[in-house]
Amino acid sequence: MADETPRRFRRLFHLGLRRPNRVDAEVDDEIAFHLQERVDALVARGWSETDAVAEAHRLFGDAKTARPTLIAEATLRDRRLDWFERLDSIVADLKLAARQLRHAPAFSLGVILAIALGIGANATMFSIIDRLMLRPPAGVAMPERVYTFARPGRDRTSSAMSFVAFSAMRDDLAGVANLSAESFFPLTVDFGGEPRSEHALFVDSNYFGLLGTTPALGRYFVADDFTAPGGAPVAVISYGLWQQEFGGDRGVIGRALNVDDQRLLIVGVTPRDFNGVEPVELGAFDIWLPIALGSKLTDGPANWQTSRVRNLFPVARVKPGVATSLLAERATAVQRALERTVPNGDTTIAFELRSILPSRAPTLSPTERIASMLGAVSLFVLVIACFNAANLMLARAVRREREIAIRVALGVSRRRLLRQLMLDSLLLSMLGGLVAIAVAAVGAFVMRGVLLQGVLWSGTLVDARTLGFIVATAFVASLLTCAFPALLLLRRFDIQHALVGGSSRQAGRSHRTRFVSLLVVSQGALSAVLLIGALLFVRSLEKVRGVPVGMDLEHTTIATLSARVTRANAPNTDALFTELAARASRVPGVTSVATAEGASFTVFQVRQIAVPGLSPSLDAIQNGTVLRAVSPNYFETIGTPILRGRPFSADEDRVDGEPLAIINASLADMLWPNSDAIGKCIQVAPREAAKAPCRRIVGIATDLHEQLTNLDRRETASIYVPLSQGGHIATSRAVIVRGDASSAIVQHVRAAALGGGFALPIGDVFSIESKLAPQLRPWKLGATMFGIFGALAFVLTALGTYSMFTYNVAQRTQEMGVRIALGARTLDILSLIGRRSAALSLIGVLVAVLSAASFARFIQPLLFQTSARSWPIYALVAVAMTLVAIGASLIPAWRGARVDPLMAIRSE
Amino acid sequence: MAKPTPLPILRGNLEVLVLKALTAGPLHGYAITDWLEHQAHGNLELVDSALYQALYRLESRRLVKPVWGVTEKNRRARFYHITDAGRAELRAEAARWTRYAATIGDILALPVPATGSANG
C-alpha cells in the first residue's frame, strides 16, 4: 500500500505525495487508535465498556472542534513538509551541478567563458545605448514636460533668438508654459591652477527653477544676481568639476575662480551628473553663469536685454494639461509677429517642440545609429556564444547518456530531469554573468576613455541598470543553452538503446550530428557577417581619415587670446598677439608661426562678394563668402596648398598695398568655369560689395573640409586677403603654429603663453585634430566594436568547428580503423574529413554572403564612401573562414588518422 | 487530602514535553499521553487532541518523524521518532527552561526585607 512506503522512496519514484482526502483518513485512523487504546486501558481498570467510551471521548477533547482542528493542523503540516522537500531537491540538484562543474573544469570554463563574453559584450553595448539614448537628463524633475525648440527639419541651433524675441515669447506663453533661456560660450577658466577652456552656460534667472533641480551644495542664482548692474560675479559649478578640481571639499562655496580675468564667486554646486538639458554626446558642462554676466565676459552685445542678436536658446516646461502642439503654435505665432516688425524678417519662421528625453528625439546622431546597430550585433554575438555553450552541453549530455537512462528507468520524471538540466545551465549562466560583469567593466572603461571620449559618462563603470541587464541576460542565456540539449535529449530519448549502447544508436546519433552541424554552420555564417561588417567600417574609417581637409591635421595648433581682451580692442591687443606669436615661435619643435583673422575653427566673418561682369544673382555670389585675412606664411603654416598662383609676399602685406585676394578652388570654378581665375578680380565687402575696390586674384587655394563627411555640401567659399587689409578684427584673430606633432605643441605653446614674465590672457589653444576627432568618433566606434565582435565570433566558430569535428571523428573511430586497415592513407582520411568541413563552410559562407548582401541597405547609410556590397571584402572573409574551418577540422582528422586500426575496430 | 487542580500547560511547553517523552525511543500517540499522565502525577491538565496538535506541529518542523508500525496488539499505529534536530531543540529548550525557572525561583526565594518598626 502506498502509505506504507517510506516517504523517501515515494519521492524517488515521484509517485506523488499525499492527496488531500488522505489526510482526513489518516487523522481519523490515528484518533480511532488512540480512543481504542484509552478504552482498553479504562476497561482494564474496571470501567464498563460504554462508560469507558464516553470517558475516552471526554478526555480526548471537545467533540465538535477536536477533529476539525486536527485535520486543519495535519493539512498545514503536509503543506509545509512538501515545501521543504521541494527545496531539498532543488538544493540537491544545485549541489550536483556544482560538483559536476568542478569535475569537468575545461568544459565548465569553456561554457562560462563563452557565455561571459556574450553577456559582457551585450552589457557594454547596453550601457552605451542606455546613456546615449534611453536615460532622461539627470537631475531634471519630470523631464517629459520639458522641451527645447527647433525649426522643422533642423537641430536646436535653429531656435536661436534675441532677448527681445525671447521676452515676448515668455510673456505671451505665460499661461501655457514656463520659459527660460540659455546661451553657450567658450571661456577660459582658471581655478588657481592651469587655465583651460570650458564651455559655460549662461542661464536666465528661472532656469534652475524650471528644471526643478536642487543644488548639491550652496544655492542657485537669485533675482539679485541678475539685477545687479552688469550682473553679480557669481558662478555655479558642476558636481564633476567640484570633485575633480576641488576634491569634493565642502568649503568650495565662496571660493573664487577666474573666468577671463574676471573674479567670480562659486555659490553652488549642481547635483551629480546634472547636465542641464544638453545631450551627453556634447560632453559635460561644468559652469553656469547668470546671463547678466554675458556682456562682461563675452564679446557678445553690450546689453543682452536690449540686443537683437540671436544668441539665446529657449527651454520650456509645459504646464499640466497643455498640448505640445498648442505651445508650438503659439511660439510660432509670437515669432512671426516679431519678424513682421523687422525689415527682411522671416515671416515663414516656424517652431516645433523637441523633448529633452533622448528616447523621444526625432533623429539619431551618427554615433547613436552606430550604437544601435552594434547593440543588435551584440545580440548576435550572444546567440553565437549560447549556441557554442549549448553545443558543449549537448556533447556532455551525450556522454552521460547511460547514467541518465538508469535514472529514467528508476522513475525519475522527465520534468525532474529537465529541472536538473535547467539548474545546471542556470548555474553556468550565472557564473558567466559574474564574469560578464568584469568584461562589461573593461568594455565600459575602453568606451569611456577611448572610443567615446568627450561623451558625458555618468555613474560608475557598471551601474545598477547594467547589472540588472546582466542578470536578465544571464537568465535568457541559460534558457538558450539548455533548451536544445533538453529538447533533443528528452524527446528522442530511447532508454533501451542508451542502456545497451553500441552502434544501435545510429538513429539518434545522425539526428544529433545534423543538429550540431546546423549549429556550427549558423555560427559560421553569423561570424562571417560580423567580420564583413567590421571590414566595411574599417574601410569607411580609412576613407574618412583620407578626406582632404585642406589643412595639416597632425602638425597644426591654433591659439587665440581671451574674448574679453579682444572685444575691448585695447591698443595693446596687437602687441599681445605679436608677443603670443613670438613666444610660440620659440617653442622647441615649432617650424613656422602665422597670424590670421578668420582661420578655420575660430570666429569668422562673412562677407558679400561681387564680380564685375558677372550677374549678382549667380548662386556663388548670392551665398557670400568667408573672409580670411592671413599673414604671408599662413598657407605653409596651416598646410593649405596653393594649387595655382602664389601666396602673398611679405611686402604685399600692407594696409596701403594693392588689394589682392586668393580664392578657393570651388569658388574659382563656379565664377570662372572656363577660364583661369588668376588675374581676374573680385570685390569683397560687408555690404554693397559692388562698390568696394576690386581685388586682384593671385592664387587659388585648396578647398577646406571642416565637416569631414559633408562632401556633397557646396563648399563654403573662402577669400583670403593679406592680414593688414583684413579689417583688423581682433576677435577673430588667431595665431597658427606648425610643429612636430600637434598634441605636444599644444601644451608647450600654452605653457609658453602663460609663463615668461607675464601671463598672456589666452583664450583657447587647441590642435585642429582635436576639433575633428568627434567627427571620427562614430566610425572609430563602428570599426573597433565590429572588429572585436567579429573576432570574437570568429574564435568561437573556430572552437565550435574544432569540437564538432573532434566529436565526429571520435564517433567514427571504428570506421576509421576499418578504412586504415583496408589501406587508407593519412591523406585519404584528411581529405575525407576535410571535404565535409569544406562543404559545411561553403554552405555557411553562402548564407553569410546572401545575408550580408540583403542587409546591405541597412548598413549603407552608416558607411562612408564604401559600398556595403563590396565583393573583395566578401571574398576575403569567405576564403578566410573556409580556410579556418578546414584547418580546425583537420587537427582531429590528423589524430583520427593515427589510430591503431585494430584497437579502433575493437573499441566502442 | 484533596487533589490540587491540574495546571494548564503553558503555550509551547507541551511540545518540549513530547520531545522529552520520545528520547528513550519511539512511541505512538497514546503511549506518549500515558507517559505524560504518569509523569505529571495529575498536576498537569492534559487534553489528548492538544497533544496530537503538538505532535503535528513538531512533525512539520521536522523535529519528529512518524513511521507507521504495528503494536503488540497487532494494531496499526503511527510511531513517532525524535530526529537529531529534535534532540537539539530539546536540549536548547531545556536549558532555557532551567535558566528561567532558576531565575524566578531565586527572586521568589529572596528573604522579606525587615521593616522599620514591628506591628502592634
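Protein chains in written order, with the working numbering: chain A, 1 to 908; chain B, 1 to 120. C-beta atoms are modelled at their ideal positions from N, C-alpha and C, and glycine is treated no differently.
Beta-carbon gap between residue 149 of chain A and residue 465 of chain A smaller than 8 Å: No, the Cβ-Cβ distance between residue 149 of chain A and residue 465 of chain A is not below 8 Å.
Residue 903 of chain A classed as buried or exposed, judged by whether at least 16 other C-beta atoms fall within 10 angstroms: exposed
Terminal residues of the alpha helix (DSSP H) in which residue 771 of chain A lies: 768-811
Closer than 8 Å at the beta carbon, the chain B residues around residue 61 of chain A: 47, 48, 49, 50
Per-residue contacts from residue 274 of chain A into chain B (C-beta, under 8 Å): What residue 274 of chain A touches in chain B: nothing, since even the nearest Cβ is about 55 Å away.
Helix, strand or coil at residue 551 of chain A [DSSP, three-state]: The three-state secondary structure of residue 551 of chain A, taken from DSSP, is coil.
Nearest to residue 760 of chain A (by Cα), restricted to the options A:768, A:751, A:766: Ranking the options by Cα distance to residue 760 of chain A, first place goes to A:751.
Neighbour-count burial assignment, residue 826 of chain A, 16 or more Cβ in a 10 Å radius: That one is exposed.
Buried/exposed call for residue 613 of chain A, threshold 16 Cβ in 10 Å: exposed
Chain-order list of residues whose beta-carbon lies under 6 Å from that of residue 634 of chain A (same chain, five-residue window excluded): 594, 596
CB contact below 8 Å: residue 87 of chain A versus chain B: For residue 87 of chain A, the answer is no, since every Cβ of chain B falls outside 8 Å of its Cβ.
Status (buried if at least 16 other CB within 10 Å, exposed otherwise) for residue 866 of chain A: Looking at its Cβ environment, which holds 16 or more other Cβ atoms inside 10 Å, residue 866 of chain A is buried.
Amino acids of chain A, ordered along the chain, whose beta-carbon sits closer than 7 Å to that of residue 59 of chain B: 77
Same chain only: Cβ atoms within 8 Å of residue 604 of chain A, ignoring 5 sequence neighbours per side: Closer than 8 Å at the Cβ level, and outside the excluded window around residue 604 of chain A, lie 598, 626, 627, 628, 732.
Cβ contact check for the stretch 815-831 of chain A and the stretch 887-904 of chain A: 3 or more pairs under 8 Å: yes
Residue of A:330, A:412, A:583 minimising C-alpha distance to residue 172 of chain A: Here the closest residue by C-alpha is A:330.
Whole-Å CB distance - residue 878 of chain A paired with residue 526 of chain A, under 8 Å assumed: Not confirmed; about 14 Å, so no contact.
Beta-carbon proximity check, residue 516 of chain A vs residue 388 of chain A, cutoff 8 Å: no
Which residues DSSP lists as bridging residue 100 of chain A, in chain order: Bridge partners of residue 100 of chain A: none, in fact.
8 Å Cβ shell around residue 834 of chain A - same chain, five flanking residues per side excluded: 886, 889, 890, 893
Any chain B beta carbon closer than 8 Å to residue 81 of chain A: yes
Residue-level contact to chain B via CB, residue 22 of chain A, 8 Å cutoff: no
Three-way DSSP call (helix, strand, coil) for residue 561 of chain A in this model: strand
Identity of the residue in B:4, B:3, B:71, B:16 nearest residue 91 of chain B by Cα: Out of B:4, B:3, B:71, B:16, B:16 has the C-alpha closest to the C-alpha of residue 91 of chain B.
Beta-carbon contacts of residue 712 of chain A that lie in its chain and below 6 Å, excluding the five residues immediately before and after: At residue 712 of chain A the pLDDT is 49, less than 50, meaning the model places this residue with poor confidence and gives no usable figure here.
Residues, ordered as in the chain, of the stretch 22-56 of chain A that lie near chain B by beta-carbon distance below 9 Å: 26, 27, 29, 30, 31, 33, 34, 35, 36, 37, 38, 40, 41, 56
Proximity of residue 580 of chain A and residue 553 of chain A at Cβ, strictly below 8 Å: no
Beta-carbon proximity check, residue 610 of chain A vs residue 671 of chain A, cutoff 8 Å: no
Contact with chain B by residue 481 of chain A, beta-carbon distance below 8 Å: no
DSSP-derived helix/strand/coil call for residue 419 of chain A: helix
Spatial neighbours of residue 583 of chain A in its chain, beta-carbon cut-off 7 Å, leaving aside the 5 residues before and after: Non-local beta-carbon contacts of residue 583 of chain A in its own chain, meaning distances under 7 Å to residues more than five positions away in sequence, involve 752, 753, 756 in chain order.
C-beta neighbour in chain A for residue 80 of chain B, strict 8 Å: no
Proximity to residue 437 of chain A [Cα-Cα], best of A:831, A:399, A:462, A:453: A:462
Cross-strand partners of residue 186 of chain A (DSSP beta bridge): A:199
Other residues of its chain near residue 357 of chain A: CB distance less than 7 Å, five sequence neighbours each side excluded: 136, 143, 144
CB contact flag (residue 21 of chain B, residue 7 of chain B, <8 Å): no
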